[in-house]
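Trainee: Chains A and B are the protein sequences, given in the same order. The first sequence runs 1 to 257 under UniProt numbering. The second sequence runs 1 to 66 under UniProt numbering. Where is the CB? At the ideal position from N, CA and C, for every residue including glycine. Quantities reported herein were computed from a predicted structural model and do not represent experimental measurements.
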Amino acid sequence: MLNASEYSRYSRHLLLDDFDEHAQRRLNNAKVTLFGVGGLGCQVASALAAAGVGEMVLIDDDTIEISNLPRQWLFTEKDIGQKKAEVARTRLLAMQSACTFHCITNFNDIAARDAHLTTSPLIIDCTDSFTSRLAINALAVTHSVPLISAAASGFIATATAFNPEISGPCYACPEYNSEQSLTCFEQGIFSPVVAIAGQLQAMMALSYLSGIRNPEWGSLHHFNGQNLLMRQFNIQKNPDCPTCSKIHRSEDHAHSL
Amino acid sequence: MRIHCNDEQLEVPEDCSLVSIIQRFNEQEGALAVAVNQTIIPTSRWQLQTLEEGDVVDIFTLVAGG
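1. Could you pull out every residue in the same chain whose Cβ sits closer than 6 Å to the Cβ of Asp60 of chain A, ignoring the five residues on either side in sequence?
2. Counting pairs of Cβ atoms below 8 Å between the stretch 221 to 240 of chain A and the stretch 30 to 44 of chain B, do you hit three or more?
3. Following the continuous alpha helix (DSSP H) through Leu2 of chain A, name the residue where it begins and the one where it ends.
4. State the DSSP-derived secondary structure class of Ile41 of chain B, mapped to helix, strand or coil.
5. Can Trp217 of chain A and Ala157 of chain A be called in contact, C-beta distance under 8 Å?
6. In angstroms with no decimal places, state the Cα-to-Cα distance between Ile15 of chain B and Ile110 of chain A.
7. Determine the DSSP secondary structure at Gly218 of chain A, reduced to helix, strand or coil.
8. Nearest to Ser11 of chain A by CA position, among A:Asn29, A:Ala50, A:Ala30 and A:Cys42, is which residue?
9. Going by alpha carbons, who is nearest to Ile64 of chain A out of A:Val57, A:Trp73 and A:Met56?
10. Go ahead and pull the three-state DSSP assignment for Ser256 of chain A.
11. Determine the contact status of Arg91 of chain A and Leu58 of chain A, defining contact as a CB-CB distance below 8 Å.
12. Whose C-alpha, out of A:Gln43, A:Ala197 and A:Ile136, is nearest the C-alpha of Pro146 of chain A?
13. So, for Ile148 of chain A: in the same chain, excluding its five sequence neighbours on each side, which residues have a beta-carbon less than 6 Å away from its beta-carbon?
14. I think Pro42 of chain B touches Asn238 of chain A, with their Cβ atoms under 8 Å apart; what is that distance to the nearest whole Å?
15. Can Cys241 of chain A and Ala172 of chain A be called in contact, C-beta distance under 8 Å?
16. Find the residues of chain A that neighbour Phe60 of chain B, judging by a C-beta separation of less than 8 Å, and give them in chain order.
17. Please list the terminal residues of the continuous beta strand (DSSP E) segment that includes Leu229 of chain A.
18. If I follow the unbroken alpha helix (DSSP H) through Ala205 of chain A, where does it start and stop?
19. Within the continuous beta strand (DSSP E) that includes Thr131 of chain A, where are the two ends?
20. Which residues mark the beginning and the end of the alpha helix (DSSP H) in which Ala159 of chain A is found?
21. Alpha carbon to alpha carbon, how far is Val32 of chain A from His143 of chain A?
22. Give me the Cα-Cα distance between Ser44 of chain B and Ala115 of chain A, rounded to the nearest whole angstrom.
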């Protein structure tokens, strides 16, 4: 199982209830596809790398701007103008040399993305718009891969895990009026709030990947940074959902062949 | 009958629809998520959803940044 160095490194994990060497090894062998390396993505990638997740695909075509620095803590002033995914890989490798990082800095590189999705048991959506979230949700449904999605603007953070494998709800089931959704650009963002949203994603991802606990699939966790209240809502599967009721999952397709 | 909406107690007619409550509270900017008794109601069902005595309605703005 774990060697002496690994045992020492992850000793505080091993002290946790329900967490043992098998759970740590599952993290070390896990592969995750992460869309977006901004405010949410910096948090999730750091937490997963530090915890020992073995392989991460970082997908982001964005470059670092000075306005990113208050909340995107993997980046420094010297990184401005460089690709987020590539700088993140450098910083994360310094933190965790045992992790393999794959960078995709062109969203149009669909072949590379889909090749990773077929071997990745979890998608984490850390993007910053409703449009991208709907597209990533459609990918998760199509590939039948669990998805952990979060968002933050102003003082509000939300996070939800979806699992198409158990025919639960998907991100599109509530049929939100996406044209009116608020982004950080319009509403601002308080950096601890996006950090909390990212760490909720990391909490769910690490619990799931280690096998110690499944997330409550379809539960929307809602945090209000103005009163520090955390609330929970259920998203139900919508038989008329514009995404999961229309898309044939690759698994279904395989069965039908 | 009485319902609760965003921590306020409201006196509403017996046949009160969810959409009428949303319109009353819809002064916020942006897309809305609406829950009845902690369950998110799809937007296409707001019109048909009726409320019952003691229901708890939560209306909040959907965020999409990250």
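Mentor: According to the data block:
1. The residue given as residue 60 of chain A occupies position 60 in the first sequence. Same-chain partners within the cutoff: Gly36, Val37, Lys84 and Ala85.
2. yes
3. Within the first sequence, numbered from 1, the residue matching residue 2 of chain A stands at position 2. Note, Leu2 of chain A: premise wrong, no alpha helix (DSSP H); not H, not E.
4. Within the second sequence, numbered from 1, the residue matching residue 41 of chain B stands at position 41. Coil at Ile41 of chain B, not helix or strand.
5. Counted from its first residue, the first sequence places residue 217 of chain A at position 217. Counted from its first residue, the first sequence places residue 157 of chain A at position 157. For Trp217 of chain A and Ala157 of chain A, no; Cβs fall outside 8 Å.
6. On the second sequence, residue 15 of chain B is found 15 positions in, with the first residue counted as 1. On the first sequence, residue 110 of chain A is found 110 positions in, with the first residue counted as 1. Note that residue 15 of chain B is Asp in the sequence shown, not Ile. Distance between the alpha carbons of Asp15 of chain B and Ile110 of chain A: 51 Å.
7. In the first sequence, residue 218 of chain A corresponds to position 218, counting from 1. Gly218 of chain A: coil per DSSP, three-state reduction.
8. On the first sequence, position 11 is the one that residue 11 of chain A refers to. Closest by alpha carbon: A:Ala50.
9. Start at 1 with the first residue of the first sequence, and residue 64 of chain A comes out as number 64. Ile64 of chain A has its Cα closest to that of A:Trp73, out of A:Val57, A:Trp73 and A:Met56.
10. Residue 256 of chain A sits at position 256 when you count from the first residue of the first sequence. Only weak support exists for where Ser256 of chain A lies, its pLDDT of 39 falling under 50; the coordinates are left without a value.
11. The residue you call residue 91 of chain A lines up with position 91 of the first sequence. The residue you call residue 58 of chain A lines up with position 58 of the first sequence. Taking 8 Å as the Cβ cut-off, Arg91 of chain A and Leu58 of chain A do not qualify as a contacting pair.
12. Position 146 of the first sequence, counted from the first residue, corresponds to residue 146 of chain A. Of A:Gln43, A:Ala197 and A:Ile136, the residue nearest in Cα terms is A:Ile136.
13. The residue you call residue 148 of chain A lines up with position 148 of the first sequence. Ile124, Ala161, Gln201, Met204 and Ala205, listed in sequence order.
14. For the purposes of this step, residue 42 of chain B is taken as residue 42 along the second sequence, with counting starting at 1. For the purposes of this step, residue 238 of chain A is taken as residue 238 along the first sequence, with counting starting at 1. Yes, they are in contact, since the Cβ atoms of Pro42 of chain B and Asn238 of chain A sit about 5 Å apart, within 8 Å.
15. Translated into positions along the first sequence, residue 241 of chain A becomes position 241. Translated into positions along the first sequence, residue 172 of chain A becomes position 172. Result yes, Cβ atoms of Cys241 of chain A and Ala172 of chain A sit closer than 8 Å.
16. As a first step, residue 60 of chain B must be located in the second sequence, where it is residue number 60. Correct list: Ile156 and His222.
17. Working through the first sequence from its first residue, we reach residue 229 of chain A at position 229. Here the beta strand (DSSP E) through Leu229 of chain A covers Leu229 to Ile235.
18. Residue 205 of chain A sits at position 205 when you count from the first residue of the first sequence. Run containing Ala205 of chain A: Ser191 to Ser210, per the alpha helix (DSSP H) assignment.
19. The sequence position of residue 131 of chain A within the first sequence is 131, counting from 1. No beta strand (DSSP E) contains Thr131 of chain A, which is instead part of the alpha helix (DSSP H) from Phe130 to His143.
20. Taking the first sequence and counting its residues from 1, the one referred to as residue 159 of chain A is at position 159. Counting along the chain, Ala159 of chain A falls outside any alpha helix (DSSP H), though it belongs to the beta strand (DSSP E) covering Ile156 to Phe162.
21. Within the first sequence, the letter at position 32 stands for residue 32 of chain A. Within the first sequence, the letter at position 143 stands for residue 143 of chain A. Rounded to whole angstroms, Val32 of chain A to His143 of chain A spans 14 Å at the Cα level.
22. Residue 44 of chain B sits at position 44 when you count from the first residue of the second sequence. Residue 115 of chain A sits at position 115 when you count from the first residue of the first sequence. Whole-angstrom Cα-Cα distance: 36 Å.
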